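Numbered according to the working numbering, the sequence shown terminates at residue 1662, and the numbering increases by one at each position without gaps. By construction, the Cβ of each residue, glycine as well, lies at the ideal position given by its N, Cα and C atoms. Quantities reported herein were computed from a predicted structural model and do not represent experimental measurements.
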Amino acid sequence: PYTQDDVGRATKGSAEALLGKVYLYQGKFDEARVVLDELINNGPHDLFPDFSTLFENDNENTIESVFEVQYTDLEGASFDCFQCSEGNIAVGFSGPRNFNGPLFESGFSFNVPTQEAFDAFSEEDLRREFSILDIEAFAIENQDYNNGAGVSWTEGFEHTGFFNRKYIPRQGDSNIGDQNLTNPNNYRAIRFADVLLMAAEAHNRGNGNEALALQYLNRVRARAGLDDLNVAGSDLTQAIYLERRLELVGEGHHFFDLVRTNRAAAAIDGFMTGKHELFPIPDIEIQLTGNRWQQNPGY
């Protein structure tokens, strides 16, 4: 079914979205557009109207959520037992180190966006402020915090001045638990915006309906406060690629988009075609099969 009484369980829509993503990876664009159109036209999902609050704890499992990994703060964890946690460890990793200021809690300053990622957004794009935290700009905006002491933090490893705002731990949540290791903020694995952009790509790169592809693309752009585009062919393809990067930044999709569209070698320093499309299989896993498995190429 498209809905489950037990919120968080996979649905028909989850399966259709994942199948469509697999078809895209395989270059089966016609198959992808059929299954993704089915979900768009017959499923219960839509874009959540307010992007600025989409990733707050209070907005888990919204109409936009096609598949969402559920987390809770009920079971604690430690650095000796990450697997003991029932919370989202990645949230704590994303926060500014030793942060003292409003809205956010401290974290470990990992998973930091780059200047290039920030600059990919236009100034008119409403998503930029709520996707990537510019810590210096935030400090200026809140210079009167704490009776004029202002905002402070410690620079972490490979500090860029930017943080993944979508998953920075928040202050004042009613269910914050241990912010670093048992954070209850769910991971939005597949959003309806992702589905719309996958369907747009499938129509554009296959034998589909380019007008419909453009409609899907502009539907996502409209929520971001951006004007409609009127492009076709390869220009539409590039527009869809860019929109996926902007809409889904910090959610773990961009690397895999680059790989499946053969753009990784040009975009990532040190990427070796024929090797880095795959991760290495751990040696212990090969040994446990009696060495019947073959290591992935290049490792």
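1) Just checking my contact of THR1523 with GLN1478 at CB under 8 Å: how many whole Å lie between their CB atoms?
2) When you compare the region 1555–1572 with the region 1392–1405, are there three or more beta-carbon pairs, one atom per stretch, that lie closer than 8 Å?
3) Within the continuous beta strand (DSSP E) that includes ASN1461, where are the two ends?
4) Along the chain, where does the alpha helix (DSSP H) containing ASN1581 start, and where does it finish?
5) Between which two residues does the alpha helix (DSSP H) carrying ILE1403 extend?
6) So does the region 1595–1609 actually touch the region 1425–1442, counting three or more Cβ pairs closer than 8 Å?
7) Checking the sheet assignment: what are the DSSP bridge partners for SER1441?
8) With DSSP collapsed to three states, give me the class of SER1597.
9) Going along the chain, which residues of its own chain have a beta-carbon closer than 7 Å to the beta-carbon of THR1636, five neighbours each way excluded?
10) Is TRP1516 closer than 9 Å to ASN1461 when the C-beta atoms are compared?
11) Less than 9 Å between the beta carbons of GLU1438 and ARG1533, yes or no?
12) Would you be able to state if there are at least three C-beta pairs under 8 Å between the region 1589–1597 and the region 1612–1624?
13) My output table needs one value for ILE1531: the three-state DSSP class, helix, strand or coil.
14) Closest to ASN1505 by CA distance: which of GLY1535, PRO1465 and ASN1474 is it?
15) On the three-pair Cβ rule with 8 Å, is the region 1542–1550 touching the region 1442–1459?
16) With distances taken from CA atoms, which of ALA1395, LEU1410 and SER1377 is nearest VAL1385?
17) Take GLU1518 as the anchor and find which of ILE1498, ILE1531 and TYR1388 has the nearest alpha-carbon.
18) Report the residue from LEU1417, ASN1549 and PHE1481 whose alpha carbon sits nearest the alpha carbon of LEU1496.
19) Would the region 1404–1420 and the region 1633–1651 be scored as touching if the rule is three or more Cβ pairs under 8 Å?
20) Distance, Cα to Cα, LYS1375 vs GLY1661?
Reading off the structure:
1) The beta carbons of THR1523 and GLN1478 sit about 6 Å from each other, so the pair counts as a contact at 8 Å.
2) When Cβ pairs closer than 8 Å are counted between the two stretches, the region 1555–1572 is seen to touch the region 1392–1405, the count reaching three or more.
3) Per DSSP, ASN1461 belongs to the beta strand (DSSP E) from 1460–1463.
4) 1573–1586 is the extent of the alpha helix (DSSP H) around ASN1581.
5) According to the DSSP assignment, ILE1403 belongs to the alpha helix (DSSP H) that extends over 1392–1405.
6) No contact exists between the region 1595–1609 and the region 1425–1442.
7) DSSP output for SER1441 lists CYS1444 as bridge partner(s).
8) Here SER1597 sits in helix by DSSP.
9) Cβ neighbours of THR1636 beyond the five flanking positions: ALA1628.
10) Yes, Cβ-Cβ distance for ASN1461 and TRP1516 is below 9 Å.
11) Not in contact: GLU1438 and ARG1533 (Cβ atoms no closer than 9 Å).
12) The answer is no - the region 1589–1597 does not touch the region 1612–1624, with fewer than three Cβ pairs under 8 Å.
13) Look at ILE1531 here: in three-state DSSP terms it is coil, with no helix or strand label.
14) Per the Cα distances, PRO1465.
15) With the cut-off at 8 Å, the region 1542–1550 and the region 1442–1459 touch.
16) Selected option, being the one with the closest Cα: ALA1395.
17) The candidate whose alpha carbon is nearest that of GLU1518 is ILE1498.
18) Nearest to LEU1496 by alpha-carbon distance, out of LEU1417, ASN1549 and PHE1481, is PHE1481.
19) Contact fails: fewer than three Cβ-Cβ distances are below 8 Å.
20) The straight-line gap from Cα to Cα measures roughly 38 Å.
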